[in-house]
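Numbering (the numbering used here), first residue to last: 52 to 193.
Note that the Cβ used here is the ideal one computed from N, Cα and C, for glycine as well.
Fair warning: this is a prediction, and the values are worked out from it, not measured in the lab.
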Amino acid sequence: MKRQIATFVGVFGLLLVAACANAQSVNVKANVPFDFVVDNASLPAGTYNIQSINDASGSSTLVIRGKDGKVGRLVGSNAAEKLEPSGTSHLLFHRYGDTYFLAQIWMQGEQHGRELRPTRRQTEMAKNLRPSEDVVVLASLR
Numbered sequence: 052m053k054r055q056i057a058t059f060v061g062v063f064g065l066l067l068v069a070a071c072a073n074a075q076s077v078n079v080k081a082n083v084p085f086d087f088v089v090d091n092a093s094l095p096a097g098t099y100n101i102q103s104i105n106d107a108s109g110s111s112t113l114v115i116r117g118k119d120g121k122v123g124r125l126v127g128s129n130a131a132e133k134l135e136p137s138g139t140s141h142l143l144f145h146r147y148g149d150t151y152f153l154a155q156i157w158m159q160g161e162q163h164g165r166e167l168r169p170t171r172r173q174t175e176m177a178k179n180l181r182p183s184e185d186v187v188v189l190a191s192l193r
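Take a look at the structure:
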């Protein structure tokens with residue numbers, strides 16, 4: 052009997068982890084009107100599809116594809132959380148001078164999003180320039 056209970060709890064735990072990972076999935080399309088930086092790579096203005104590839108640990112790699120379908124970048128991300136569900140699907144950029152860094156991705160109706168780790172370049176710019184300005188670009192669900 053104890054073995055059956057332990058098996059049931061283990062299976063339930065795995066299902067819970069899978070459900071949490073699925074809740075943090077990203078699949079959006081956005082038209083970014085400016086050049087921006089993702090993981091030390093500069094990407095040109097344009098339409099981008101962003102999709103997450105979740106693994107069992109809950110971490111997520113984001114696939115960022117340009118309009119032509121080529122992979123613009125594969126980048127690791129961390130979980131981000133808000134108290135209230137996001138009112139819109141959107142990308143959040145941190146702007147330092149004329150340089151935009153993709154920082155967060157949110158899905159409409161979700162309290163969980165994805166956050167990109169700041170790069171060394173972004174950290175240095177944050178030290179040397181005035182505080183960043185947050186810029187929001189609306190996205191649509193794919």
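DSSP beta-bridge partners of F152
As a working mapping, residue 152 is identified with position 101 in the sequence shown. Note: F152 sits in a beta bridge opposite V88 and H145.
Give every residue of the same chain whose Cβ lies closer than 8 Å to the Cβ of G123, excluding the five residues on either side of it in the sequence, and list them in chain order.
Here residue 123 refers to the residue found at position 72 when the sequence shown is read from its first residue. V89, A92, L94, Y99, I115, R116 and G117, listed in sequence order.
Beta-carbon proximity list for S103, same chain, < 6 Å, skipping 5 on both sides
Numbered from 1 along the sequence shown, position 52 holds the residue referred to as residue 103. For S103, where only same-chain residues beyond five positions count, the Cβ hits under 6 Å are S76, V77, S111 and L113.
Whole-angstrom distance between N179 and I101, CA atom to CA atom:
Stepping through the sequence shown from its first residue, residue 101 is reached at position 50. Stepping through the sequence shown from its first residue, residue 179 is reached at position 128. One C-alpha to the other measures close to 30 Å.
Whose CA, out of D185, L143, D86 and V126, lies closest to the CA of M158?
The sequence position of residue 158 within the sequence shown is 107, counting from 1. Checking every option, the nearest Cα to that of M158 belongs to L143.
Reference V186, options R165, G120 and F152, closest by Cα:
As a working note, residue 186 is residue 135 in the sequence shown. It is F152 whose Cα lies nearest to the Cα of V186.
Three-state secondary structure (DSSP) at E175?
The residue you call residue 175 lines up with position 124 of the sequence shown. The answer is helix: DSSP assigns E175 an H, G or I state.
Exposed or buried, A192, counting other C-beta atoms within 10 Å across all chains shown (16 or more means buried)?
The residue labelled residue 192 in the question sits at position 141 within the sequence shown. Strictly speaking, residue 192 in this sequence is Leu, with Ala absent from that position. Burial call: exposed.
Quick one: give me the first and last residue of the beta strand (DSSP E) that V83 is part of.
Walking along the sequence shown from the start, residue 83 turns up at place 32. It spans N78 to V83 - the beta strand (DSSP E) in which V83 sits, taken as one unbroken run.
What are the start and end residues of the beta strand (DSSP E) that includes L113?
What you label residue 113 is simply residue 62 of the sequence shown in a count that begins at 1. Looking at the DSSP string, the run of the beta strand (DSSP E) that includes L113 is S111 to G117.
Buried or exposed: G164, going by 16 or more other Cβ atoms within 10 Å of its Cβ?
To locate residue 164, count along the sequence shown from 1; it is residue 113. By the neighbour-count rule (16 or more Cβ atoms within 10 Å), G164 is buried.
With respect to the beta strand (DSSP E) encompassing Q102, which residues constitute its N-terminal and C-terminal limits?
Stepping through the sequence shown from its first residue, residue 102 is reached at position 51. G97 to N105 is the span of the beta strand (DSSP E), which, as asked, contains Q102.
In this structure, how does DSSP classify L180 when only helix, strand and coil are distinguished?
The residue labelled residue 180 in the question sits at position 129 within the sequence shown. If DSSP states are grouped into helix, strand and coil, L180 belongs with coil.
Taking DSSP as the reference, what is the three-state secondary structure of L134?
Against the sequence shown, residue 134 aligns to sequence position 83. Residue state, collapsed to three classes: coil.
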